[in-house]
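Numbering (UniProt numbering), first residue to last: 1 to 576.
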Amino acid sequence: MSSFAGRMREYPTISLDRFDRENLYARAYFLSHCHKDHMKGLKGPLLKRKLQFSRTVRLYCSFVTKELLLNNPKYAFWEEYIVSPFFSSQVVVTLLPAGHCPGSVMFLFEGSRGNVLYTGDFRLATGDAPRIEYLHSGSRVKDIQSVYVDSTFYDPRYYKIPTREVCLNGISELVGNWIRQSPYHVVWLNCKAAYGYEYLFTNLGEQFNTQIHVNSLAMFIKMPEILSYVTTDRRTQIHACRHPKNEEYSQGNRMPCGCTTADGIPLRIISIKPSTMWFGERSRKTNVIIKTGASSYRACFSFHSSYSEIKDFLSYLQPVNVYPNVIPIGRTLNDKPHSPETTSLPVSVDESFPLPVPDTVAVVHNYLDCTESNDEEEDGEEQKEQEEVIEGGEMRETQQEKKVEDECKEPSSAPKWEEFFTVETLTDSQNSLNSQSQSCRSATTPSPSRMTDSQTPELFSEEETPDENFSLSLSASLSNHSSQNMDSYLPDTLILQPEQRGREQGDAWTSTMSGREDSEDLILPVERSESQVSSDFDIPCTPESKVPQPEELLQLYRKLASGEEVVIRKGSQGSA
DNA sequence: GCGATCAGCT
DNA sequence: CACAGCTGATCGC
């Protein structure tokens with residue numbers, strides 16, 4: 001869970017992923033992705049009023065995030081205040097793919113106070129950073145002053161997490177082996193209620209030429225790449241539906257949607273629960289799929305970068321400062337010298353200056369690679385045991401397994417939080433605007449005393465005169481061509497010169513979902529090989545591509561509104 | 001009644 | 001385990 005307080009030291013009049021407390025005074029808001037722990041305060045009435053009185057305060061996010069956000073009525077009032085993409089005359093802001101969930105981006109701020117990268121939540125594979133064009137200037141990596149990084153799995157237990165490709169292959173194999181047995185063999189993907197599993201749906205749907213049953217299609221209506229792989233028709237062999245009541249509802253031979261039979265024949269159901277931390281607990285060499293009961297499985301699955309991936313990313317960027325956005329497991333709020341009210345991270349020490357950047361090579365060879373090769377089949381003849389028994393059993397390792405575990409988990413040079421991160425960061429109680437710098441000279445920035453006064457008129461009236469320090473405006477440079485496809489994850493540099501647009505199309509990150517045959521309008525990099533394709537996070541890319549025609553949408557909306565089941569088939573989105 | 005917060009539970 | 005999110009209890013306004 002993000003504990004980022006919302007503001008960056010370098011550009012404190014901007015708030016990111018936090019919208020409460022002092023962030024009410026921000027001049028501009030950024031939302032990296034649509035998860036609740038990054039949306040604190042976003043539906044607050046104070047913020048709503050501020051917007052109504054402001055001409056320039058806006059929320060900046062990717063198109064996909066906008067779509068997902070507005071799908072929730074509680075956030076619908078943001079519609080007229082969202083801008084995406086954008087640029088600023090003072091600060092160039094670039095949206096980079098974050099690989100965390102649909103629409104997730106990192107924000108790269110480039111301005112007078114240096115280049116700052118805010119990762120939001122992210123998962124990039126080792127070696128991905130060199131492929132992100134906008135982190136480079138020519139052939140050189142841009143100078144990065146600070147990185148505010150997703151440190152969720154900055155913990156030796158997550159030293160390595162199997163790649164998306166490996167995890168996906170494991171799940172595919174399990175699903176395939178099951179559903180091929182008969183039409184009555186069905187799979188329930190027990191996914192948490194969050195965006196981020198969509199690429200699982202699309203890949204499974206593609207591979208098995210089917211659709212995945214979900215509770216609602218509404219949020220995906222403008223994302224045909226996802227929409228074509230999900231359905232509200234329960235007659236499918238792969239479900240990811242949920243029931244608000246407890247999971248016992250889906251115990252026995254029953255899906256959360258209530259399905260128990262097909263054509264009068266009882267279903268044979270297995271459940272697959274995507275998990276990261278559960279696997280982090282057992283760091284012995286394991287398969288990416290573990291059977292936990294007669295009909296239940298855990299599948300390794302992460303949408304946060306592992307320790308190694310974080311290190312690889314930061315080692316490549318070599319930032320001056322690294323600020324963690326998340327207090328990792330094993331650390332608690334008690335580590336903080338200040339109360340939780342006033343700070344969100346341990347305050348200290350510029351002793352990690354300069355460059356707390358890890359020496360990747362030196363550390364790596366002290367670890368075993370815990371990544372699993374997925375060659376072992378997860379057997380149907382594994383012991384039929386109760387869930388808890390097996391789970392308990394998994395924890396008691398054999399002797400030799402324990403050895404591996406020790407080597408995996410207790411490297412001679414264990415990662416040290418203090419050595420890696422610059423931990424001082426901007427907090428509510430600490431207004432760096434005047435506590436440390438004059439270089440940020442926003443004439444309209446509230447003074448500290450005013451900032452603590454919730455009744456300050458700035459909140460509602462500040463924008464009658466344009467803020468010259470931080471003016472943002474809609475970029476006209478994004479043509480409908482490349483923005484058609486890549487909104488969620490193309491590097492949206494929004495201040496692009498027209499001639500740069502060609503290069504954008506050649507960027508490997510602008511590639512799209514693998515194996516889709518209906519992708520002629522998608523931008524594919526020429527240099528990609530097949531093996532590269534599936535190793536990327538196949539973020540659903542294209543809110544704007546193949547925009548559904550109004551008539552099609554109208555039909556869909558009518559059906560959805562009437563509660564009718566809507567079945568979208570590939571290649572004919574928008575018609576049942 | 002609403003929002004904020006927290007315990008509890010996935 | 002704290003991945004992300006829900007429900008419900010409690011408290012203050």
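Note that beta-carbon positions come from the ideal geometry of N, C-alpha and C, so glycine has one too.
| Asked | Found |
| --- | --- |
| From what residue to what residue does the beta strand (DSSP E) around Tyr-297 run? | 296-300 |
| What residue range does the beta strand (DSSP E) around Phe-109 cover? | 105-111 |
| Hey, could you find the ends of the beta strand (DSSP E) Ile-272 is sitting in? | 268-275 |
| Going residue by residue through the segment 31-84, where are the continuous alpha helix (DSSP H) segments of at least 4 residues, counting only ones entirely within it? | 45-52, 63-71 |
| Span of the alpha helix (DSSP H) holding Lys-311? | 307-317 |
| What residues in its chain sit with their C-beta under 8 Å from that of Val-105, if we drop five residues either side in the sequence? | Ser-32, His-33, Cys-61, Ser-62, Thr-65, Leu-95, Leu-96, Pro-97, Ala-98, Gly-120, Ser-488, Tyr-489, Asp-492 |
| For Glu-281 and Arg-157, I'd like the C-alpha separation in whole angstroms. | 7 Å |
| Comparing C-alpha positions only, which one of Thr-231, Asn-209, Thr-210, Phe-208 sits nearest to Met-219? | Thr-231 |
| What does His-185 pair with, by DSSP beta-bridge criteria? | Arg-268 |
| Are the CB atoms of Ile-161 and Ser-302 nearer to each other than 7 Å? | yes |
| What is the rounded straight-line gap between the Cα of Glu-463 and the Cα of Ser-3? | Only weak support exists for where Glu-463 lies, its pLDDT of 30 falling under 50; the coordinates are left without a value. |
| Locate the alpha helix (DSSP H) running through Gly-176, then write down its first and last residues. | 164-179 |
| Could you name the residues of the same chain whose beta carbon sits closer than 7 Å to that of Gln-207, not counting the 5 residues immediately before and after it, in chain order? | Ser-172 |
| Return helix, strand or coil for Pro-97, following the three-state DSSP convention. | strand |
| Tell me whether Thr-196 sits in a helix, a strand or coil according to DSSP, three-state version. | Before going further, note that residue 196 is Gly rather than Thr in the sequence given. Correct three-state label for Gly-196: coil. |
| Can you grab the Cα-Cα spacing for the pair Phe-19 / Lys-43, in whole Å? | 9 Å |
| Ends of the beta strand (DSSP E) at Leu-227? | Element bounds for Leu-227: not the beta strand (DSSP E) but the alpha helix (DSSP H), 224-227. |
| Okay, do the segment 314-321 and the segment 129-143 touch, 3+ Cβ pairs below 8 Å being the bar? | yes |
| Does Pro-130 come out as helix, strand or coil in the three-state DSSP assignment? | helix |
| Work out the CA separation of Tyr-29 and Ser-479 for me, nearest whole Å. | In this prediction, Ser-479 has a pLDDT of 24, which is less than 50 and means its spatial position is unreliable; nothing more can be read from the coordinates. |
| Could you spell out where the beta strand (DSSP E) holding Gly-293 opens and where it closes? | 289-293 |
| When the Cα of Gln-181 is compared with those of Tyr-118, Ile-269, Cys-191, which residue comes out closest? | Ile-269 |
| Can you look up Ala-28 in the DSSP assignment and give me helix, strand or coil? | strand |
| Quick one: what does DSSP say Gly-258 is sitting in, helix, strand or coil? | coil |
| Below 8 Å on the Cβ atoms is my guess for Ser-308 versus Tyr-159; work out the distance and round it to an integer in Å. | 6 Å |
| Give the DSSP-derived three-state secondary structure of Asn-115 in the structure shown. | strand |
| How is residue 620 classed by DSSP in three states: helix, strand or coil? | This structure does not reach residue 620, given that the chain is present from 1 up to 576, and the question cannot be answered. |
| Per DSSP, Tyr-148 is paired with what? | Tyr-118, Tyr-323 |
| Pick from Leu-217, Pro-45, Leu-59, Asp-263: whose alpha carbon is nearest that of Tyr-184? | Asp-263 |
| Measuring only the C-alpha atoms, how far is Phe-122 from Gly-176? | 29 Å |
| Would you say the segment 43-52 touches the segment 6-13, given that touching needs at least three Cβ pairs under 8 Å? | no |
| Between the C-alpha atoms of Leu-108 and Val-288, what's the straight-line distance to the nearest angstrom? | 34 Å |
| Alpha carbon to alpha carbon, what distance is there between Asn-71 and Ile-221? | 10 Å |
| Mapping DSSP to helix, strand and coil, what is Arg-7? | strand |
| Taking only the alpha-carbon atoms, compute the straight-line gap between Met-1 and Asn-169 and give it to the nearest angstrom. | 27 Å |
| So if DSSP puts Ile-238 in a beta bridge, which residue, or which two residues, is it bridged to? | Val-187, Ile-212 |
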